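Enquirer: What follows is a structure written as structure tokens; I'll ask about it next.
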Amino acid sequence: MNRLADLFKIKYPIIQGGMVWCSGWKLVSAVSNNGGLGLIGSGSMYPENLQDHIQKCKRATRHPFGVNLPLMYADINEHIDVIIKEKVKIVFTSAGNPMTYTKLLQENGITVVHVVANKKYALKCIEAGVDAIVAEGFEAGGHNGHDEITSFCLIPQIKSIIDIPLIAAGGIGSGSAMLAAMSLGADGVQIGSLFASSKESSAHDNFKNYIINANDSDTKLTLKEITPVRLLKNEFYDEIISAYNNNATKNELTNLLSKGRAKKGMFEGDIINGELEIGQISGMINSSKTVSEIFKDLIKDFNIHNSRTSSIYLK
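Using the numbering used here, you'd call the opening residue of the sequence shown number 30 and step up by one each time.
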């Protein structure tokens with residue numbers, strides 16, 4: 030039995046990233062119904078919205094699902110109250126100190142997983158007593174680590190210092206990539222971009238089509254002075270580059286980013302003025318598929334490459 034699948038009581042060690050504006054109850058329940066673990070992206074929700082999505086997800090699936098909880102969110106305490114009230118059993122925390130809320134969540138019967146981008150924060154997770162860790166590489170979409178450590182470098186380094194389940198994230202969009210991550214020591218994977226483009230994703234179709242048409246060099250990690258974020262290149266991205274060229278201050282960059290840009294781009298479909306967060310793997314996504322189709326492709330590809338590599342011997 031895979032120990033990650035055993036921890037979450039799921040069929041496959043595949044976690045859907047809790048992405049802002051993409052991870053509503055329809056996507057989450059579809060992932061859980063197909064044997065993975067769906068995560069509601071609470072970072073783009075008010076507490077009452079989060080409660081609504083949790084309740085709808087409960088009605089749409091009998092399988093485990095969780096909530097992704099960015100710790101920097103303004104309504105964090107209200108979100109935690111909702112999660113406890115609704116008896117959510119799994120929470121993935123990110124963008125903050127795991128010491129702050131891990132104990133409280135666990136005291137309420139919640140399995141806690143924290144997302145990290147380097148060894149330093151992995152050790153903080155161990156100190157905090159989390160149940161599992163996500164090692165998210167530089168390739169990932171959305172908010173990212175400062176250090177630009179790639180997944181293939183990060184996974185084995187974190188694996189070497191922990192003995193709790195390890196989830197690999199960043200640049201994983203196929204069964205073969207899943208197998209590679211697990212070969213490096215991960216117990217399973219977290220996938221974002223592939224699910225962001227899915228039929229069940231709550232993202233706008235304009236954003237999904239922009240992902241599908243992206244090439245391998247069409248994303249960039251930027252705004253490291255504020256909080257690093259990987260974006261698809263568009264007119265808004267060009268505004269950021271222009272601001273840098275004009276020696277913009279940190280406050281000016283913050284003002285540029287804080288005009289509801291992510292909602293505008295990813296949820297409302299303004300691909301000109303909106304912020305389009307997606308991972309480097311977007312260059313490999315060429316169609317919008319249902320979650321069921323995505324799972325079939327992942328499992329088939331994983332098993333094909335697993336059978337091939339098992340017959341290779343080095344002498």
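Built from N, CA and C at the ideal position, the CB exists for glycine as well.
As the structure is a computational prediction, the values presented were derived from the model and not from experiment.
Are the region 139-153 and the region 184-195 touching, with three or more C-beta to C-beta distances below 8 Å?
Expert: Yes, since at least three Cβ pairs between the region 139-153 and the region 184-195 fall closer than 8 Å, the two stretches touch.
Enquirer: Tell whether a beta-carbon distance below 8 Å holds between residue 269 and residue 250.
Expert: Here residue 269 refers to the residue found at position 240 when the sequence shown is read from its first residue. Here residue 250 refers to the residue found at position 221 when the sequence shown is read from its first residue. The answer is no: Cβ separation not under 8 Å.
Enquirer: Would you decide whether residue 84 is buried or exposed? Buried here means 16 or more other CB atoms lie within 10 Å of its CB.
Expert: Residue mapping note: residue 84 aligns to position 55 of the sequence shown, counting from 1. The residue is exposed, with fewer than 16 neighbouring Cβ atoms inside 10 Å.
Enquirer: Going by DSSP in three states, residue 236 sits in which element: helix, strand or coil?
Expert: Position 207 of the sequence shown, counted from the start, is the residue given in the question as residue 236. Three-state result, residue 236: helix.
Enquirer: Mapping DSSP to helix, strand and coil, what is residue 278?
Expert: Taking the sequence shown and counting its residues from 1, one reaches residue 278 at position 249. Of the three classes helix, strand and coil, the one that applies to residue 278 here is coil, per DSSP.
Enquirer: When you compare the CB positions of residue 320 and residue 97, do they come within less than 8 Å of one another, or not?
Expert: Mapped onto the sequence shown, residue 320 falls at position 291. Mapped onto the sequence shown, residue 97 falls at position 68. Not a contact, by the Cβ cut-off of 8 Å.
Enquirer: Could you pull out every unbroken beta strand (DSSP E) segment of at least 3 residues lying fully inside the region 187-273, listed in chain order?
Expert: Entirely contained in the region 187-273, the beta strand (DSSP E) runs reaching 3 residues are, in chain order, 195-198, 217-220, 248-251, 258-261.
Enquirer: Taking residue 158 and residue 118 to be in contact with their CB atoms under 8 Å, please state how far apart those CB atoms are, rounded to whole angstroms.
Expert: Locating residue 158 in the sequence shown gives position 129, counting from the first residue. Locating residue 118 in the sequence shown gives position 89, counting from the first residue. Actually they are not in contact, since the Cβ atoms of residue 158 and residue 118 sit about 17 Å apart, beyond 8 Å.
Enquirer: Classify residue 130 as buried or exposed, calling it buried when 16 or more other Cβ atoms lie within 10 Å of its own Cβ.
Expert: Counting from one through the sequence shown, the residue named residue 130 turns up at place 101. Residue 130 is buried by the Cβ-count criterion.
Enquirer: Could you check if residue 138 is buried or exposed, using at least 16 other CB atoms within 10 Å of its CB as the buried criterion?
Expert: Position 109 of the sequence shown, counting from 1, holds the residue named residue 138. Classification for residue 138: exposed.
Enquirer: Would you tell me roughly how many angstroms separate the C-alpha atoms of residue 229 and residue 59, rounded to the nearest one?
Expert: Position 200 of the sequence shown, counted from the first residue, corresponds to residue 229. Position 30 of the sequence shown, counted from the first residue, corresponds to residue 59. Whole-angstrom Cα-Cα distance: 7 Å.
Enquirer: Let me confirm a value: residue 110 is counted as buried when at least 16 other C-beta atoms fall within 10 Å, else exposed. Which label applies?
Expert: If you number the sequence shown from 1, residue 110 lands on position 81. Looking at its Cβ environment, which holds fewer than 16 other Cβ atoms inside 10 Å, residue 110 is exposed.
Enquirer: Residue 122 bridges to which residues according to DSSP?
Expert: Numbered from 1 along the sequence shown, position 93 holds the residue referred to as residue 122. In DSSP, residue 122 forms a bridge with 98, 143.
Enquirer: In three-state terms, what does DSSP make of residue 301?
Expert: Numbered from its first residue, the sequence shown carries residue 301 at position 272. Three-state DSSP puts residue 301 in coil, outside helix and strand.
Enquirer: Using 8 Å as the cut-off, can you tell me whether the region 45-54 makes contact with the region 66-78, which would need three or more C-beta pairs spanning the two stretches below that distance?
Expert: Touching, per the Cβ criterion.
Enquirer: Between which two residues does the alpha helix (DSSP H) carrying residue 57 extend?
Expert: Here the question's residue 57 lines up with position 28 in the sequence shown. Counting along the chain, the alpha helix (DSSP H) containing residue 57 begins and ends at 54-62.
Enquirer: Which same chain residues, not among the five before or five after residue 101, have their C-beta less than 6 Å away from its C-beta?
Expert: As a working mapping, residue 101 is identified with position 72 in the sequence shown. So the qualifying residues of the chain are 124, 125.
Enquirer: Express the C-alpha separation of residue 222 and residue 343 in angstroms, rounding to a whole number.
Expert: Residue numbering aside, residue 343 sits at position 314 when the sequence shown is read from its first letter. Residue numbering aside, residue 222 sits at position 193 when the sequence shown is read from its first letter. Only weak support exists for where residue 343 lies, its pLDDT of 49 falling under 50; the coordinates are left without a value.
Enquirer: Between 243, 90, 53, which lies nearest to residue 80 when the distance is taken from Cα to Cα?
Expert: By 1-based counting over the sequence shown, the position of residue 80 is 51. The shortest Cα separation from residue 80 among 243, 90, 53 belongs to 53.
Enquirer: Apart from the five residues just before and just after residue 165, which ones in its own chain have a Cβ nearer than 6 Å to its Cβ?
Expert: As a first step, residue 165 is located in the sequence shown; it is residue number 136 there, counting from the start. Cβ neighbours of residue 165 beyond the five flanking positions: 144, 146, 198, 199.
Enquirer: Could you give the DSSP three-state label for residue 34: helix, strand or coil?
Expert: Residue mapping note: residue 34 aligns to position 5 of the sequence shown, counting from 1. Residue 34: helix per DSSP, three-state reduction.
Enquirer: Note down, in chain order, each residue of its chain lying with its Cβ closer than 7 Å to the Cβ of residue 312, except the 5 sequence neighbours on either side.
Expert: For this step, residue 312 is matched to residue 283 along the sequence shown. Same-chain partners within the cutoff: 243, 244, 245, 247.
Enquirer: Evaluate residue 106 with the Cβ neighbour count: other Cβ atoms within 10 Å of its Cβ, from every protein chain shown; 16 or more gives buried, anything less gives exposed.
Expert: Within the sequence shown, numbered from 1, the residue matching residue 106 stands at position 77. Exposed is the call here.
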